[in-house]
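In the numbering used here, the protein residues as written are 9 to 218.
Working notes, beginning with the structure itself.
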């Protein structure tokens, strides 16, 4: 990469980080943090379970303990949005581990490059009462997840999205590329996606300020 491109990317990343910080702060009084205890992780799993049940994608019999989680959660960062002491939103960041597939890779039979440099972000959930009121809570979660991704040294993001969520991400200003045809995953038809967050900087700042 040329020095000019390195300088441009550094400027873009600085702008993105500032924008992501603003997005997370605008969700106040909601605050975001990464789960540190078993109880906090289970709070994230419970929110995910409740969302699946609410949209009819699962039944209580599918999750007898009232928690939705899988093998990838063992190494994932669970981001939680808190309203006081009450969890109201969550998102999952799965960091790359050598020889282990990311959730999107496993679900769709893909190998997503650059290997070892891509994080898988998903399981976004906002509790029903909040989701119906404020888009800024979801946007704040996106911002905080980006900051955590950067804090761990990554820039590249993949995940899955329904057709409706693809449209929503694009309306928000993200450049999203479908990596393969959709199939049913996590309770609905979803596409495996590449999120060009860095390439979206101009559109995101134009949409959300900076």
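Where a beta carbon is used, it is the ideal one built from N, C-alpha and C, also for glycine.
Nothing here was measured: the structure is a model prediction, and the numbers come from that model.
(message) Using 8 Å as the cut-off, can you tell me whether the region 83–93 makes contact with the region 114–121, which would need three or more C-beta pairs spanning the two stretches below that distance?
(response) no
(request) Could you round the C-beta distance between residue 183 and residue 27 to whole angstroms and report it? I think they count as a contact, below 8 Å. (result) So it is not a contact: roughly 15 Å between Cβ atoms.
(message) Would residue 111 and residue 124 be called neighbours here (beta carbons separated by less than 8 Å)?
(response) no
(request) Could you say which of 30, 126, 160 lies nearest to residue 106 if we only look at CA atoms? (result) 126
(message) Looking at residue 55: is its Cβ nearer than 8 Å to the Cβ of residue 133?
(response) yes
(request) Name, in chain order, the residues that DSSP records as bridge partners for residue 199. (result) 169
(request) With DSSP as the reference, label residue 103 as helix, strand or coil. (result) coil
(request) Could you please give the first and the last residue of the uninterrupted alpha helix (DSSP H) stretch that includes residue 191? (result) Note, residue 191: premise wrong, no alpha helix (DSSP H); beta strand (DSSP E) at 191–193.
(message) I need the DSSP call for residue 27, collapsed to helix, strand or coil.
(response) helix
(request) Return helix, strand or coil for residue 160, following the three-state DSSP convention. (result) coil
(request) Determine the direct distance from the alpha carbon of residue 116 to that of residue 32, and round the result to whole angstroms. (result) 31 Å
(request) On the DSSP bridge assignment, give the partners of residue 70 in chain order. (result) The partner list for residue 70 (beta bridge, DSSP) is empty, contrary to what the question assumes.
(message) Could you check if residue 204 belongs to the surroundings of the ligand SAM, using beta carbon to heavy atom distance under 7 Å?
(response) In the structure on display, the ligand SAM does not appear, and there are no ligands present to speak of.
(request) Could you work out which residue in 206, 64, 82, 30 is closest to residue 53 when comparing CA atoms only? (result) 82
(request) Determine which residues share a DSSP beta bridge with residue 112 and list them. (result) Beta-bridge pairing links residue 112 to no other residue.
(request) Apply the 10 Å Cβ neighbour rule to residue 192 and answer buried if 16 or more other Cβ atoms are within range, or exposed otherwise. (result) exposed
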